[in-house]
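Number of protein chains: 2
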Amino acid sequence: MRPFLIPSLVMAALLPVARADEGMWLFTKPPVRQVKEKYGFEITPQWLEHLQKSSVRFGNGGSGSFVSANGLILTNHHVGSGMIEKLSTKERDLLKNGFYAATAGEELKCPDLELNVLVSIEDVTARVTAAVKDGQSPDEAAAARRAVTADIQKKSYEATGLRSDVVTLYQGGAYHLYRYHRYTDVRLVFAPDVMAAAFGGDPDNFEFPRYCLDFCFFRAYENDAPAKTPHFLKWKTAGAQENELVFTSGHPGRTNRSVTLAQLESMRDSGFPHRLEQIFRGETLLRAWSDRDRENARRAKGAIVGTQNGRKATMARLNGLLDPALMARKKESEAKLRETAEEAFTRIEHAEKASREYEMRLRMLEGGDGFGSGLFGIARTLLRVADESAKPEGERLGEYRQASRPSLELDLLSTEPVYKDMETLRMANALTFLCAKLGATDATVQSILAGKSPDARATELIQGTTLDDVEVRRKLYEGGKEAVAASADPLILLAKLVDEEARGLRLRADATGEVISQAHREIATARFARDGDSAYPDATFSLRLSYGVVKGYMDGNVTIPPHTTFWEMHERHANQGAIAPFDLTEAWKERATKLDPLVPLNFISTNDITGGNSGSPVVNREGELVGLIFDSNAPGLVSDFFYTEEKGRAVSVHPAAIQEVMKKIYRADRVLEELTH
Amino acid sequence: MRPFLIPSLVMAALLPVARADEGMWLFTKPPVRQVKEKYGFEITPQWLEHLQKSSVRFGNGGSGSFVSANGLILTNHHVGSGMIEKLSTKERDLLKNGFYAATAGEELKCPDLELNVLVSIEDVTARVTAAVKDGQSPDEAAAARRAVTADIQKKSYEATGLRSDVVTLYQGGAYHLYRYHRYTDVRLVFAPDVMAAAFGGDPDNFEFPRYCLDFCFFRAYENDAPAKTPHFLKWKTAGAQENELVFTSGHPGRTNRSVTLAQLESMRDSGFPHRLEQIFRGETLLRAWSDRDRENARRAKGAIVGTQNGRKATMARLNGLLDPALMARKKESEAKLRETAEEAFTRIEHAEKASREYEMRLRMLEGGDGFGSGLFGIARTLLRVADESAKPEGERLGEYRQASRPSLELDLLSTEPVYKDMETLRMANALTFLCAKLGATDATVQSILAGKSPDARATELIQGTTLDDVEVRRKLYEGGKEAVAASADPLILLAKLVDEEARGLRLRADATGEVISQAHREIATARFARDGDSAYPDATFSLRLSYGVVKGYMDGNVTIPPHTTFWEMHERHANQGAIAPFDLTEAWKERATKLDPLVPLNFISTNDITGGNSGSPVVNREGELVGLIFDSNAPGLVSDFFYTEEKGRAVSVHPAAIQEVMKKIYRADRVLEELTH
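As you go down the protein sequences, you meet chains A and B in turn.
Taking my numbering, the leading residue of the first sequence gets 365, the next gets one more, and so forth.
Taking my numbering, the leading residue of the second sequence gets 365, the next gets one more, and so forth.
What follows is the structure in structure tokens.
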């Protein structure tokens, strides 16, 4: 699972009824009754506080936990890998070779990692809602909410010195002020090599059985010394047994359990099939192009890995939406709410239906699916930033407002290499896709192709553009409207050609989006008025508790046991011919016979998680650390919309496996000592 | 290019005006005037006869030529590879290791290869057309034509002992009787290893520059001795120079240059995009599944190679149909004919338009795209063969008539292994595709899915069926209608569930096809009445002559020179890390330094070719062999519809390269001696 990135969209509320082991629960409203009834365990305030203060949020979108009183933090290798890469040099490839600080002095300071530990939660709903007056327009209301939120955060920070975030819960049903202790001096302590950490690569991504040592250790420092962290999770080598109750504490990023059935149907019938079609095209063509040449392969690698990850996630989610039983469950849960908010549901249905009329043109012409080129994106940005800058701030498209300028400039003037051969391939593919979707005889399509075939037109456009040169971009950016108007760059001309229609489509989509948001707020209000905060809200990258049991499942006729072992990992390595992504380092191969083959390696549990939970600790009733979340299996990916425990599972690294390799493969005795004593 | 397989559909006529080096010309109507005017060369009857009698047709769908007076035949390795595989044993892998008969006695007899040499051509148009009476229904006319054709063939065979085929030309404008000398004792003489023959594999398939030693040698025998072949092509080591006039003589399989603009538009807007979407899905999923496991990779290899070949060919053809200039040319050439056959063109337009209403259901439910499983195909065959056998012969669907029984039984009772894991993958994919195309709420789709998600339903169906067992199939086949009616096999039940709707769609499509065929016959008649046989007819796997010049082209800003060398081949081998499909044998690597690096390896020319021309000789004005056709480049693949010489090229092996490797790598002196002396 890739680290979760903070969402740019917030979806609205329709709260599911919790069943089975479902729920990403607020620490202020834990599932005390549910766990008591089902498992006979009493969640106490002390137990919760200890877990909360042992939990760590990674600023780059993951989770972790303290595992010693001296600030030692356990998380996933794939959460830390961005840092590990930044700490690498040409001579010192820490991803490839791994890292171990044999002494405290060797721990490596990360350049820009912020960790947060949640200290307190305050309900500020009354203050926020009081700021919004009856009769305000949606824009005015939003501005008032923004203002009061900023004020609450500012005052809290001034009073406490703590990072203070107002979190919108239940789609506006509640607002909570989360205060965090920040750690900004974070050092890398230990990381295995990436071959072991990401064993199985893309083929095994989102699968189970699984064999990943997806862990690493950082340490929080304060005043140049290891932080004192009295709240930490005690290491339990034996882990949890089959059917044992376990909890996770982490920061799930975003779920869409509140979207309506009509919205899910749109995704099922239109959005996801379209996205998949695009993924299948892109992956096939990039792989074929990769196969032609080793340099092509190098250039396309990142794009292919991203596409493959998206393919697996999208397919699993679509398969969930195509499960009539899950959709029926959604319909049933919606039925009760419709009694009080029928009209809002109907408005969403109409809006979804209306959007089907223009959504393909929107995707192709405004969304960029019909162009497929990063350079075209740059051309459009240059054109629009020039046009938008001439308008008053309040009338600009969101991404051209002053607050977005730094990130816009970062993108626009990035020196990231542009490969014209790969750009041509992608654009030819996108133009062919455009013809298939809007029709070769469509007037806009004909003007885009300018009398040429997709291949010939893509070649002409990409060969002809000079936007791959950052200095050219800079001049156009700084030259503003006049410079862009004078440009004869073929991609700038193309962006101009479609801009009026593309902007028109964007306006229609924004209007639809506004209707839907408003309806969702009404539904959420109706629900919240009735149920209050007795249910759990959609995920918001804030701390949540989930519970479940260690448990296998049936896949067709095949029994999937709850854990794997080193024996199976080595068997997979050998069966796959010991080649990437199933290879292991020389050091591993030399020392592998020392590993106890029956030690559990990865295990699965029914906990309700999603992206952002990567690195979350799994704890037992005693609050001891019995696992490290690193992935969902494919059936679990549908948790974006529904929790399902038939086959959906959270996948974790077992503490015994971490201990075993740190001792026998990596010989990281200093860290091991700190962990287990 | 894969060997051409004889077409099951014959497309109708709209004859293009020959320009540039266009044309697959009949030997009875060679392009004498065109070649004289453009190149100043006079094609004489003697020159033609020699070339005709030196040309060989391979029964499995390829071409070749005699290159010695003792029956030595040159063709492509990929034309011979089926035979080479059949001649291999577990201990003797002739594909992998190549083959050289160092003595005449070691030449290996092929189990089932038939070669044909065209001896004479007789125009039988009058006899055929006289058999069809005015006022007959289309069915009656077709039956009368079949009867007279069979009679002509039978009488010719009895009189001459020669294989006698009546060939339909100009979509019924003319009928020619082709008489062939047959060779049924054919022996393998020499084949290089497949690494050299198919160097570059799929990545380089349909590409240029290219580096393939795609040749091998057979020998025709009669009475257990090498056949006497006084007509053979003299070997010219120096080959042809840039811009030199060259001819090919071979057996292009099928072209669709006669379809109407309305039909091309249907392919462009619907048929090809659908096919590509299916290919992209299939290739992505099969490759991802392959990557998971070496055994998966072995199982999926053939399916992946086939899909990849189809992808490249389909993409190139679609790109051609999306070229407005080519479509305008088609429109222009059609305009003249519309003056006399306007109504027939209009009928085709209406038929194409009408078919858009049901074609997606047709593809999904009758074409099988919505099921994707070989086992489902078996279930449907079992169901239908039982139903159809109960009907009179004349009322049965074509594939269930008596004449098709042997091949039906061969398929149905094949012991080819069935992999249920791969079947499940393919069926889950197809069911998801079905939902996307017909909609998840469609009544038929819902009954197919039976309340489950595509993944779950596919798993259930494939796990539950016993049709992978040949004995189960045999019992159902032999048990007929009663046995099939009693079967509870889930795939049989599924086939029953959709059969009524699927058969209904088939009837609609057949009716549309009949309207189109009839209209085409009218157009062809109008055209033929006006122009006679001055133009060339669409390809029909009968002997054709094409002309052109050795010539490079521009690909964007890149100049593609007309030939490659060993130096470039070795550079590609090294640059790609010497791994498959760019690897070479150990023997090659040892001896490579002996090769003259500047010897031309593959070259391109403007000759008009298509599938079936694989193995065709390229000859110069003197009728000497100067090359061996083995592929089109990607822009040339559009030749199915239009000839284009802007970038479209035939790709050949150069005789100097064959000579060089036979001498220095394979040390096949005996064959070399025979070739060059």
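Where is the CB? At the ideal position from N, CA and C, for every residue including glycine.
Note that the coordinates shown come from a computational prediction; the quantities given were computed from them, not determined experimentally.
Beta-carbon contacts of residue i that lie in its chain and below 7 Å, excluding the five residues immediately before and after
i: H1018 of chain A; result: G603, H927, P964, L965, N966, F967 and G991
i: L840 of chain B; result: L746, A847, V848 and S851
i: A754 of chain B; result: K845
i: K1028 of chain A; result: R955, K958 and L959
Rounded separation between residue i and residue j - CA only
i: V399 of chain A; j: I407 of chain A; result: 8 Å
i: F430 of chain A; j: I993 of chain A; result: 14 Å
i: A960 of chain B; j: L777 of chain B; result: A small fix is needed here, since residue 960 of chain B is Asp in this sequence, not Ala. The alpha-carbon atoms of D960 of chain B and L777 of chain B are separated by roughly 52 Å.
i: A1021 of chain A; j: K600 of chain A; result: 11 Å
i: Y534 of chain B; j: P901 of chain B; result: 5 Å
i: D529 of chain B; j: E470 of chain B; result: 34 Å
i: L369 of chain A; j: Y911 of chain A; result: Any answer about L369 of chain A is weak, because its pLDDT of 37 lies below 50 and its placement is not dependable; what the coordinates show is given next. In a straight line, the C-alpha of L369 of chain A is about 24 Å away from that of Y911 of chain A.
i: G762 of chain B; j: N971 of chain A; result: 57 Å
i: P371 of chain A; j: G815 of chain A; result: Reliability fails at P371 of chain A, whose pLDDT of 31 lies under 50, so the model's placement of it is uncertain and the value that follows must be treated cautiously. For P371 of chain A and G815 of chain A, the distance between alpha carbons rounds to 41 Å.
i: D733 of chain A; j: A508 of chain A; result: 36 Å
i: D919 of chain B; j: G1012 of chain B; result: 11 Å
i: E571 of chain A; j: A680 of chain A; result: 11 Å
i: Q416 of chain A; j: Q410 of chain A; result: 10 Å
i: G889 of chain A; j: A804 of chain B; result: Reading the sequence as shown, one finds Thr at residue 889 of chain A and not Gly. Answer to the nearest angstrom: the Cα atoms are 32 Å apart.
i: S719 of chain B; j: P945 of chain A; result: 48 Å
i: A376 of chain A; j: L526 of chain A; result: For A376 of chain A, the pLDDT reaches just 31, beneath the cut-off of 50, and the residue's location in the model is therefore unreliable, although a value from the coordinates is still provided. Taking the straight line joining both Cα atoms gives about 29 Å.
i: D385 of chain A; j: A767 of chain A; result: 41 Å
i: C576 of chain B; j: E713 of chain B; result: 43 Å
i: C580 of chain B; j: T453 of chain B; result: 19 Å
Nearest to residue i (by Cα), restricted to the options the options
i: R985 of chain A; options: A:S817, A:R744 and A:N607; result: A:N607
i: R352 of chain B; options: B:D947, B:L857, B:V834 and B:A667; result: What is shown of chain B runs 365 to 1041, which leaves residue 352 of chain B out entirely.
i: R618 of chain A; options: A:F905, A:F797, A:G435 and A:R702; result: A:F905
i: G976 of chain A; options: A:L577, A:T439 and A:K450; result: A:T439
i: E1042 of chain A; options: A:H934, A:H545, A:A495 and A:A555; result: Here chain A has residues from 365 to 1041 only, and residue 1042 of chain A is not among them.
i: K700 of chain B; options: B:D457, B:S630, B:V488 and B:R891; result: B:R891
i: T493 of chain B; options: B:A505, B:L482 and B:S484; result: B:A505
i: D566 of chain B; options: B:A998, B:A1032 and B:Y1030; result: B:A998
i: N480 of chain B; options: B:C474, B:N424 and B:K519; result: B:N424
i: H638 of chain A; options: A:E773, A:S654, A:S697 and A:K801; result: A:K801
i: S898 of chain B; options: B:G499, B:G537 and B:A466; result: B:G537
i: G614 of chain A; options: A:Y403, A:R421, A:S634 and A:H937; result: A:R421
Cβ-based neighbour list, residue i, same chain, cut-off 6 Å, excluding 5 preceding and 5 following
i: L640 of chain B; result: T678
i: E988 of chain A; result: K598 and K600
i: V749 of chain A; result: Y764
i: M447 of chain A; result: C474 and L477
i: G916 of chain A; result: I924, P925 and P926
8 Å CB neighbourhood of residue i in its chain, flanking five on each side removed
i: V610 of chain A; result: A604, Y911, G912, V913, V914, S969, N971, V982, V983, N984, V990 and G991
i: P394 of chain A; result: I407, L412 and L909
i: G837 of chain B; result: Contrary to the premise, residue 837 of chain B reads as Arg rather than Gly in this sequence. Excluding residues within five positions, the ones whose Cβ falls inside 8 Å are I742, L746, L776, L777 and L831.
Next on the checklist: So if I threshold CB-CB distances at 7 Å, which residues from the stretch 635-650 of chain B count as touching chain A?
Outcome noted: P637, E641, F644, R645, E647 and T648
Checklist entry - Counting only runs that start and end within the stretch 863-926 of chain A, where is the alpha helix (DSSP H) found for 4 or more residues in a row? => result none
Checklist entry - What alpha helix (DSSP H) runs, 4 residues minimum, are completely inside the stretch 387-466 of chain A? => result 396-403, 409-418, 441-450 and 458-461
Item to check | Cβ-based contacts, 9 Å cut-off: residues of the stretch 552-570 of chain B near chain A | outcome: G564, G565, D566, P567 and D568
Item to check | Segments assigned beta strand (DSSP E), at least 3 residues, entirely inside the stretch 489-574 of chain A | outcome: 527-533, 538-547 and 549-555
Checklist entry - Between the stretch 900-924 of chain B and chain A, which residues of the former have a C-beta closer than 7 Å to a C-beta of the latter? => result Flagged, chain order: G920 and N921.
Next on the checklist: So if I threshold CB-CB distances at 8 Å, which residues from the stretch 949-978 of chain B count as touching chain A?
Outcome noted: Here the close residues number zero.
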